[in-house]
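Residues in the sequence shown are numbered from 1 upward in steps of one, following the UniProt record's numbering. As structure tokens, the structure follows; a few thoughts come after it.
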Amino acid sequence: MVYSQVEWQPQQIHTDLLTRVVVLPTSLTWHQTTFPGIWFGCFESDHELQDHPVTMLTRIDPGSFFPLHGHPGGEEMLVLQGNFADETGVYPPGSYQLNPEGFIHHPYSDEGCLCFVKLRQHGGKTRDQVSTNIYESPWQSGIIPQIEVKPLYQQMGYPEKVWVERWQPGTKLSNVVETEVKEIFVIEGTWSDELGNYPTSSWLRYPPNCPYSPSSETGCLVYVKTYPTYTTRFVVGEEFRHPFETTA
1 MVYSQVEWQP QQIHTDLLTR VVVLPTSLTW HQTTFPGIWF GCFESDHELQ
51 DHPVTMLTRI DPGSFFPLHG HPGGEEMLVL QGNFADETGV YPPGSYQLNP
101 EGFIHHPYSD EGCLCFVKLR QHGGKTRDQV STNIYESPWQ SGIIPQIEVK
151 PLYQQMGYPE KVWVERWQPG TKLSNVVETE VKEIFVIEGT WSDELGNYPT
201 SSWLRYPPNC PYSPSSETGC LVYVKTYPTY TTRFVVGEEF RHPFETTA
């Protein structure tokens with residue numbers, strides 16, 4: 001991973017949903033933020049971080065915190081290392097949360113943590129709030145015997161589907177073709193396709209109608225998300241203010 005001395009600046013990263021994208025952990029650039037001890041490593045973002053969707057790793061150094069803030073467009077988060085905490089509790093590795101539009105909290109971490117985060121991609125005030133742990137809920141049999149699944153989010157009226165998959169060592173598939181955008185984040189092990197090998201903390205996005213042949217020699221645990229290209233990715237209105245920006 002590359003650590004930049006330059007503070008995060010709004011920018012466009014991998015915004016074309018019709019292009020196959022791979023980001024390896026060794027090529028991810030970490031940027032400092034305006035909040036001491038908080039780092040962003042972005043996989044995709046639009047040109048203004050606070051106004052548009054972003055998918056990233058967030059690192060919170062020990063004892064660091066965010067001020068109280070809101071989540072227009074919602075927040076999706078998976079804790080990878082350490083303990084993430086806010087007013088609702090302390091969340092160890094494997095904790096998955098989907099917080100709907102309007103959610104407000106004050107995150108911190110006493111020991112430090114690393115989280116996979118998606119912001120401003122879950123508009124709609126009627127979304128369910130989800131809080132679970134991928135290491136605690138039971139596995140379900142998948143279509144392929146060597147691949148087990150755990151559903152995380154699917155709701156009537158919203159197009160996204162989120163789940164995790166556990167691939168047994170030596171699992172191979174041929175010529176898979178998706179009808180929607182498909183994202184993969186490697187939680188454990190190594191995921192591969194015909195173009196390469198993708199270790200833990202790699203992020204991939206396959207566009208619709210893009211054939212690929214995935215495999216895992218070592219076995220792996222991956223986060224998976226699918227959605228159509230027409231999905232409206234939430235854009236924050238100019239009237240929005242975080243609680244810490246509002247004066248009495």
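All C-beta atoms, glycine included, are put in the ideal place defined by N, C-alpha and C.
I13, DSSP secondary structure in three states: Looking at I13 - three-state DSSP - the assignment turns out to be strand.
Residue environment, T229, which counts as buried when at least 16 other CB atoms sit within 10 Å: Counting the other CB atoms within 10 Å of its CB gives T229 a total below 16, which places it among the exposed residues.
Pair within 7 Å by beta-carbon distance, C210 and R20: C210 is a Cβ neighbour of R20, given a cutoff of 7 Å.
Cα-Cα separation, P62 to F40: Roughly 15 Å between the two C-alpha positions.
Beta strand (DSSP E) segment containing T58, residue limits: Here the beta strand (DSSP E) through T58 covers 54-60.
Backbone secondary structure at T33 - three-state DSSP: DSSP, reduced to helix, strand and coil, places T33 outside both helices and strands of the structure shown, so it counts as coil.
Host beta strand (DSSP E) of E180 (start-end): Unbroken run through E180: none, as it is neither H nor E.
P25 in three-state terms, based on DSSP: Looking at P25 - three-state DSSP - the assignment turns out to be helix.
Local conformation of P128 per DSSP, three classes: Here the sequence assigns Asp to residue 128, which means Pro is not the residue at that position. DSSP places D128 in coil when its eight states are reduced to three.
M156 (DSSP reduced to helix, strand or coil): When secondary structure is reduced to three states using DSSP, M156 falls in the coil class, being assigned neither helix nor strand.
The stretch 85-95 touching the stretch 124-143, judged by at least three CB pairs closer than 8 Å: A contact exists between the stretch 85-95 and the stretch 124-143.
Rounded straight-line distance, which links the Cα of Q146 to that of Q9: Spanning the two alpha carbons is a distance of roughly 43 Å.
Secondary structure of L195, DSSP reduced to three states: Of the three classes helix, strand and coil, the one that applies to L195 here is coil, per DSSP.
Alpha carbon of D16 to alpha carbon of V181, nearest angstrom: Approximately 11 Å, taken between the alpha carbons.
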